[in-house]
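Participant:
In my numbering, the protein residues as written are 7 to 434.
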């Protein structure tokens with residue numbers, strides 16, 4: 007039944023594009039950073055175009071065609087009445103004049119060959135590959151299989167933008183689209199950022215280098231980590247390819263803000279700055295988050311690092327490598343939570359000479375940070391999306407204002423009940 011409904015939805019999406027060929031599609035895929043990137047792209051394109059963007063990701067095959075058609079995800083995905091309403095809305099959307107100029111959609115891969123299946127009903131005008139990392143090796147087994155899958159999006163797209171800094175050059179063998187450009191912060195990227203200055207208040211000040219134009223675009227980018235900076239450059243590149251002016255691109259880029267739980271700055275106790283990166287961690291994301299922590303001047307820095315998930319056979323190495331990046335000259339404390347972090351990351355950090363506190367759960371970690379944080383210090387909280395860590399609850403303990411708790415991830419009543427059940431299992 008669900009497969010039949012999926013196919014019907016896909017046919018409606020295909021009919022929509024046939025009826026409205028003027029509507030352009032920007033697709034975003036990659037190992038990490040997809041949500042931030044698609045919102046950044048939509049923010050830039052909104053300076054000129056009507057943009058459809060679906061913010062969430064329900065993790066089902068229904069998500070993409072519903073996002074394309076601009077139909078809300080039903081509360082009862084199995085209900086007959088809900089699907090009757092969905093199909094009626096789809097037919098109306100096809101018949102009506104186009105209500106958008108651009109659709110920005112996230113394309114997820116659930117296994118080898120998944121991305122190629124989207125070609126049944128969608129041909130992206132521009133596809134953006136955010137990064138390739140070890141974030142889902144339980145499904146793909148090796149990083150090469152991850153790269154082969156993510157870069158296959160170029161096969162079904164009219165043009166391709168790839169992250170020059172976070173996609174290893176050895177994966178170039180999987181690039182088949184001749185209309186391809188690169189973005190990043192390094193000098194080898196075609197669309198790149200030239201940094202002028204960084205400050206805790208403003209973020210990055212500099213300019214965007216565009217190969218099509220002689221003059222660069224002066225910008226102020228409100229982000230705290232270099233990975234997010236690269237995703238903003240991707241959004242600028244899409245804007246250039248979609249015909250936006252330098253002024254429109256600069257205005258759009260400067261209005262992009264950090265997302266909840268993704269290097270989001272929050273005010274902490276004792277005048278401290280919290281970098282909340284608890285939405286979802288990964289080897290690449292955690293490395294860049296740690297490097298971002300180092301670049302911000304502060305009398306004290308603390309890194310709170312939760313276990314990384316879905317790394318399969320690379321889990322030991324990934325945690326040890328992250329622990330090896332913990333610099334005692336930069337960090338007053340390294341606080342670890344979770345089996346893998348305590349078992350592998352903590353000893354590696356101690357081996358570097360760091361002070362390390364191993365915690366059994368997020369509540370213990372939050373209480374410890376609260377006890378050692380100094381005036382004007384900075385604390386990075388870096389944790390996973392799933393598992394039983396819920397590092398956002400540690401953040402809550404050191405917030406300056408309890409009102410900022412609504413800026414944390416996973417704060418619904420359903421999540422609250424689940425966390426109570428989890429934390430009650432720990433003694434003491």
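For every residue, glycine included, the Cβ atom is placed at its ideal position computed from N, Cα and C.
When the Cα atoms are used, what is the spatial distance from residue 273 to residue 17?
Facilitator: Taking the straight line joining both Cα atoms gives about 48 Å.
Participant: Under 6 Å Cβ to Cβ from residue 346, same chain only, skipping five residues before and after it: list those, please.
Facilitator: Excluding positions up to five away in sequence, the list reads 313, 321 and 325.
Participant: Pop quiz: residue 241 and residue 47 are said to be a contact at Cβ under 8 Å. What is the actual Cβ separation, rounded to whole angstroms?
Facilitator: The pair is a contact, with the Cβ atoms about 4 Å apart (cut-off 8 Å).
Participant: Secondary structure at residue 307, three-state DSSP: helix, strand or coil?
Facilitator: The answer is strand: DSSP assigns residue 307 an E or B state.
Participant: Using C-beta distances below 6 Å, list every residue in its chain close to residue 183, excluding the 5 sequence neighbours before and after it, in chain order.
Facilitator: Here the set comprises 160 and 166.
Participant: If I measure Cβ to Cβ from residue 258 and keep anything under 6 Å in the same chain, skipping five residues before and after, which residues do I get?
Facilitator: Excluding positions up to five away in sequence, the list reads 49, 50 and 53.
Participant: Would you mind sorting residue 86 into buried or exposed? The rule is 16 or more other CB atoms within 10 Å of its CB.
Facilitator: Its Cβ having fewer than 16 others within 10 Å, residue 86 is exposed.
Participant: With respect to the beta strand (DSSP E) encompassing residue 274, which residues constitute its N-terminal and C-terminal limits?
Facilitator: Here residue 274 belongs to no beta strand (DSSP E), and DSSP marks it neither H nor E.
Participant: Using three-state DSSP, classify residue 350 as helix, strand or coil.
Facilitator: Reduced to three states, the DSSP call for residue 350 is helix.
Participant: In three-state DSSP terms, what is residue 289?
Facilitator: In the structure shown, residue 289 sits in a helix (DSSP, three-state: H, G or I).
Participant: For residue 170 and residue 134, what's the separation of their Cα atoms in angstroms?
Facilitator: Roughly 11 Å between the two C-alpha positions.
Participant: Taking DSSP's pairing of strands, which residues face residue 198 in a bridge?
Facilitator: Per DSSP, 190 and 215.
Participant: Along the chain, where does the alpha helix (DSSP H) containing residue 255 start, and where does it finish?
Facilitator: Start and end: 252 to 260.
Participant: Does the beta-carbon of residue 319 have 16 or more other beta-carbons within 10 angstroms, so that it is buried, or is it exposed?
Facilitator: With fewer than 16 other Cβ atoms within 10 Å, it is exposed.
Participant: Which whole-angstrom value is the C-beta distance of residue 127 and residue 19, which I expect to be below 8 Å?
Facilitator: Between residue 19 and residue 127 the Cβ distance is about 5 Å, and since that is below 8 Å, they are a contact.
Participant: Sort out for me which residues DSSP pairs residue 15 with in a bridge.
Facilitator: DSSP, once it has assigned bridges, lists no residue as partnering residue 15.
Participant: Using only alpha-carbon positions, find the residue among 221, 140 and 186 that is nearest to residue 158.
Facilitator: Selected option, being the one with the closest Cα: 186.
Participant: Rounded to a whole number of angstroms, what is the C-alpha to C-alpha distance between residue 215 and residue 420?
Facilitator: Rounded to whole angstroms, residue 215 to residue 420 spans 45 Å at the Cα level.
Participant: Considering only the beta carbon of each residue, do residue 29 and residue 107 sit closer than 8 Å?
Facilitator: Their beta carbons are under 8 Å apart, which means residue 29 touches residue 107 by this criterion.
Participant: According to the neighbour-count rule (16 or more other Cβ atoms, all chains shown, within 10 Å of its Cβ), is residue 307 buried or exposed?
Facilitator: The residue is buried, with at least 16 neighbouring Cβ atoms inside 10 Å.
Participant: Using the C-alpha atoms, what's the distance from residue 139 back to residue 317?
Facilitator: Rounded to the nearest angstrom, the two C-alpha atoms are 10 Å apart.
Participant: Along the chain, where does the beta strand (DSSP E) that runs through residue 58 open and close?
Facilitator: Taken as a continuous stretch (DSSP letters only), the beta strand (DSSP E) holding residue 58 covers 57 to 59.
Participant: Assuming contact is defined by CB atoms lying nearer than 8 Å, are residue 239 and residue 189 in contact in what I supplied?
Facilitator: Result yes, Cβ atoms of residue 239 and residue 189 sit closer than 8 Å.
Participant: Locate the alpha helix (DSSP H) running through residue 333, then write down its first and last residues.
Facilitator: That residue, residue 333, is in no alpha helix (DSSP H); it is neither H nor E in DSSP.
Participant: Secondary structure at residue 33, three-state DSSP: helix, strand or coil?
Facilitator: Residue state, collapsed to three classes: strand.
Participant: What residue range does the alpha helix (DSSP H) around residue 369 cover?
Facilitator: Residues 368 to 378.
Participant: Given a cut-off of 8 Å, decide if residue 310 and residue 397 are closer than it, judged by their beta-carbon atoms.
Facilitator: Against a cut-off of 8 Å, the Cβ pair of residue 310 and residue 397 comes out as a contact.
Participant: Could you give the first and the last residue of the continuous beta strand (DSSP E) run that contains residue 363?
Facilitator: 362 to 365 is the span of the beta strand (DSSP E), which, as asked, contains residue 363.
Participant: Drop a sphere of 10 angstroms on the beta-carbon of residue 40, count the other beta-carbons inside from all chains shown, and report buried for 16 or more, exposed for fewer.
Facilitator: Counting Cβ neighbours within 10 Å, residue 40 comes out buried, since at least 16 surround it.
Participant: Name the two residues that bound the continuous alpha helix (DSSP H) containing residue 419.
Facilitator: First-last of the alpha helix (DSSP H) with residue 419: 419 to 429.
Participant: Determine the closest residue to residue 210 out of 298, 354, 34 and 286, with distance taken between C-alpha atoms.
Facilitator: Minimum Cα distance to residue 210 is reached at 298.
Participant: Can you name the start and end residues of the alpha helix (DSSP H) that residue 243 belongs to?
Facilitator: First-last of the alpha helix (DSSP H) with residue 243: 232 to 247.
Participant: Could you check the C-alpha separation between residue 103 and residue 22 for me, to the nearest Å?
Facilitator: C-alpha separation (whole angstroms): 10 Å.
Participant: Give me, in chain order, the residues of the same chain whose beta-carbon lies closer than 8 Å to that of residue 288; leave out the 5 immediate sequence neighbours on both sides.
Facilitator: Excluding residues within five positions, the ones whose Cβ falls inside 8 Å are 37, 38, 139, 140, 141 and 314.
Participant: Over what stretch of residues does the alpha helix (DSSP H) that includes residue 100 continue unbroken?
Facilitator: That run of the alpha helix (DSSP H) goes 86 to 101.
Participant: Run through the DSSP bridge pairs and tell me what residue 387 is partnered with.
Facilitator: Bridge partners of residue 387: 282 and 310.
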